[in-house]
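Student: To convert, take the position in the sequence shown, counting from 1, and add 12; that gives our numbering.
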Amino acid sequence: MEFSDGFITNQLLKAGLTTSHQAKVAKTEKRKQQKKKKKGATSNPSDLQKHIEQTKLEQQKKADELNKARLEEQKQREQVARVKQILEHNNQDEIRGDRTFNFTYENKVKELDVNEKTQKALAGGRLAICVLEGQFFVLEDEPARKVAEVSEEYIVFHVEPEDKQKDEDDPYADFEVPDDLIW
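(1) Here's the rule I'm using: 16 or more other beta-carbon atoms within 10 Å means buried, otherwise exposed. How should F19 be labelled?
(2) Distance check for T30 and M13, CA to CA, integer angstroms please.
(3) Please report how far the alpha carbon of Q147 lies from the alpha carbon of Y166, in whole angstroms.
(4) Which residues bound the beta strand (DSSP E) around D153?
(5) Quick check on A185: does DSSP put it in helix, strand or coil?
(6) According to the Cβ coordinates, are V162 and R94 closer than 7 Å?
(7) Assuming A133 and L124 are in contact, meaning their beta carbons sit under 8 Å apart, how far apart are those beta carbons, in whole angstroms?
(8) For the segment 99-112 against the segment 148-162, are there 3 or more C-beta pairs whose distance is under 8 Å?
(9) Given that a residue counts as buried once 16 or more other Cβ atoms are within 10 Å of its Cβ, and exposed if not, what is V9?
(10) Using alpha carbons as the reference points, say which of K129, Q91, L25 lies closest to T112.
(11) By the three-class DSSP mapping on this structure, what secondary structure does V95 have?
(12) In three-state DSSP terms, what is V143?
(13) Taking buried to mean at least 16 other C-beta atoms within 10 Å of its own C-beta, is A156 buried or exposed?
Structural data, given as structure tokens:
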């Protein structure tokens, strides 16, 4: 058997366990509770506090992510500026000549017109080819290593000089082969 709230209130009034004023207050309070449930609000202040704290944490996390992205972008700009300064300051302008030096860049063969001295230096690892914003720069070994410290992506061509270790069994180890040997 199901009883309505009005029936229960009437029974309590008849029994003298409550007054009509207390019944009205209880009825009003119950109505307020139901309205809050429908709207999704809670009467519990700790739930509201938890919601506020959660929102603050989410906002802080979002702000941290934006700040991190901003710092990363600034670091990238500083890196490019540093590389650009090294490349422009140490670029070898006297390399131009009538010989063609071929190297690969982005899976394509590129050509650079150089003189004989530059060609030998590139092949021997004393010079390196770097790229920035589609422009090629020829640098000496030391500045090229500084660029590589910042990022290897700027180095297009750099031969590491070989550490020539003499083979003890080689009878011709004491004789050096000249670079200009023509067969």
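The C-beta atom is built at its ideal place from N, Cα and C for all residues, glycine as well.
Tutor: Taking the geometry as given:
(1) exposed
(2) Note that M13 has pLDDT 47, beneath the 50 cutoff, so the model's placement of it is unreliable and no number is given.
(3) 11 Å
(4) No beta strand (DSSP E) contains D153, which is instead part of the alpha helix (DSSP H) from 153-162.
(5) coil
(6) yes
(7) Not confirmed; about 12 Å, so no contact.
(8) yes
(9) Shown here, the chain extends from 13 to 195; a query on residue 9 therefore has no answer.
(10) K129
(11) helix
(12) strand
(13) Buried, since its Cβ has 16 or more Cβ neighbours within 10 Å.
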